[in-house]
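These protein sequence lines map, in sequence, to chains A and B. Under my numbering, residue 113 is the last one in the first sequence; the count climbs by one each step, no gaps. Under my numbering, residue 113 is the last one in the second sequence; the count climbs by one each step, no gaps. Glycine included, every Cβ here is placed at the ideal spot set by N, Cα and C. Note that the structure is predicted; figures quoted are calculated from it, not measured. One structure is given below, encoded as structure tokens.
Number of protein chains: 2
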Amino acid sequence: MSASTRSGPQLSRGEFGLLVLGLLHRRDMYGYEIVAELRRSTEGAIDLPEGTVYPALRRLEREGLASGYWVEAPGAAPRRRYYKLTQAGEHALATGMDDWHRFKVAADAVLGQ
Amino acid sequence: MSASTRSGPQLSRGEFGLLVLGLLHRRDMYGYEIVAELRRSTEGAIDLPEGTVYPALRRLEREGLASGYWVEAPGAAPRRRYYKLTQAGEHALATGMDDWHRFKVAADAVLGQ
DNA sequence: TCTAGGTACTTGGCAAGTCTATGTATGACC
DNA sequence: GGTCATACATAGACTTGCCAAGTACCTAGA
Chain A
1 MSASTRSGPQ LSRGEFGLLV LGLLHRRDMY GYEIVAELRR STEGAIDLPE GTVYPALRRL
61 EREGLASGYW VEAPGAAPRR RYYKLTQAGE HALATGMDDW HRFKVAADAV LGQ
Chain B
1 MSASTRSGPQ LSRGEFGLLV LGLLHRRDMY GYEIVAELRR STEGAIDLPE GTVYPALRRL
61 EREGLASGYW VEAPGAAPRR RYYKLTQAGE HALATGMDDW HRFKVAADAV LGQ
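Listed below in structure tokens is the structure:
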């Protein structure tokens, strides 16, 4: 045997899920919009493909952190699946931001700022 | 098709590899020492099990970012496999820290600091 | 002497997340 | 009619992270 007892989650897995939670905290959004908004607001620094975002949204929904609903788009564009943070999602966001902050500080310490 | 051309790596992939590179930049280290040092210097915020660190070291070596060498331990303790950053490793560290910094800023912007 | 615990590395295998690529469908524009 | 943008979906590959277990040796203590 080896390795002591481990504690909380190690981040870096589901980090993108946290970002999505952060966006949904502002307002309800749909997948395609999230991709665009992420790219826009980070000036391309974070550029997640649809193949990452859609599964992430389904994950969040499956885990009860967000709930989705269909909205017919104006005109006759493709309908959109909007997602809304649940209360559990708000809580997970708070916890996740805490973890993120601790991780950031720790990583910076290791990397020499 | 969709989603424009993607650019560099998205970080959060190989983030732990970056931390290891950061440690090796200070001085040559061996696996068990890295586990302990990471835990110590981050006050437990980053606590990687051996099952994560040893494979990571092998990965770095396979990719030419670090080179390993055996050292007989003083006394008659188990021998240690030390790792040293290669030039490519130093370069990858610099690039990785750049990416990390950009990611951090972008993520904080999304999360509202 | 027997046991426990620390050091140190290794490996198998699963679970999960990410990304590429591709597909569907629609409407707008030229 | 062809192209582009919107919008969602998913299969499959790849990578990572981690648990769990094992090997081997040494020291300390009962």
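Indicate the three-state DSSP secondary structure (helix, strand or coil) for ARG79/B in the structure shown. In the second sequence, the residue the question calls residue 79/B occupies position 79. Here ARG79/B sits in coil by DSSP.
Per DSSP, what are the beta-bridge partners of TYR30/A in this structure? Residue numbering aside, residue 30/A sits at position 30 when the first sequence is read from its first letter. The secondary-structure analysis by DSSP pairs TYR30/A across a beta bridge with TYR82/A.
Using a C-beta cutoff of 8 Å, does GLY22/B count as contacting chain A? Position 22 of the second sequence, counted from the first residue, corresponds to residue 22/B. Yes, because at least one Cβ of chain A sits closer than 8 Å to the Cβ of GLY22/B.
So what does DSSP say about ALA45/B, is it helix, strand or coil? Looking up residue 45/B in the second sequence gives position 45. ALA45/B: coil per DSSP, three-state reduction.
Are GLY96/A and TYR82/A close, meaning C-beta to C-beta below 8 Å? Indexing the first sequence from 1 puts residue 96/A at position 96. Indexing the first sequence from 1 puts residue 82/A at position 82. Not a contact, by the Cβ cut-off of 8 Å.
Does chain B have any CB closer than 8 Å to the CB of ARG102/A? One-based indexing of the first sequence puts residue 102/A at position 102. At least one chain B Cβ lies under 8 Å of ARG102/A.
Using a beta-carbon distance below 8 Å, is VAL71/B in contact with chain A? Position 71 of the second sequence, counted from the start, is the residue given in the question as residue 71/B. Judged by the 8 Å Cβ criterion, VAL71/B is not in contact with chain A.
With burial defined as no fewer than 16 other Cβ atoms inside 10 Å of the residue's Cβ, what is the status of GLU15/B: buried or exposed? Position 15 of the second sequence, counted from the start, is the residue given in the question as residue 15/B. Per the 10 Å Cβ criterion, buried.
Do the stretch 54-71 of chain A and the stretch 17-36 of chain A meet, that is, are 3 or more Cβ pairs less than 8 Å apart? When C-beta atoms of the stretch 54-71 of chain A are compared with those of the stretch 17-36 of chain A, three or more pairs fall below 8 Å, so the two segments count as touching.
Hey, could you find the ends of the beta strand (DSSP E) ALA66/A is sitting in? Numbered from its first residue, the first sequence carries residue 66/A at position 66. Per DSSP, the unbroken beta strand (DSSP E) holding ALA66/A starts and ends at 66-71.
Is the stretch 97-107 of chain A close to the stretch 37-54 of chain B, with three or more CB pairs under 8 Å? These segments touch.
Along chain B, in chain order, which residues have C-beta atoms closer than 9 Å to that of MET29/A? Here residue 29/A refers to the residue found at position 29 when the first sequence is read from its first residue. Under the 9 Å cutoff, chain B gives no residues; its nearest Cβ is about 12 Å from MET29/A.
Cβ separation of VAL71/B and VAL53/B, assumed to be a contact under 8 Å, to the nearest whole Å: In the second sequence, residue 71/B corresponds to position 71, counting from 1. In the second sequence, residue 53/B corresponds to position 53, counting from 1. Incorrect: roughly 17 Å between the Cβ atoms, too far for contact.
LEU57/A: contacting residues in chain B (beta-carbon distance under 7 Å): Sequence index remark: in the first sequence, residue 57/A carries index 57 (1-based). Correct list: empty, because the minimum Cβ distance to chain B is about 15 Å.
Is it buried or exposed for GLY17/B, if we count other Cβ within 10 angstroms and need 16 for buried? Within the second sequence, the letter at position 17 stands for residue 17/B. Buried, because 16 or more other Cβ atoms sit within 10 Å of the Cβ of GLY17/B.
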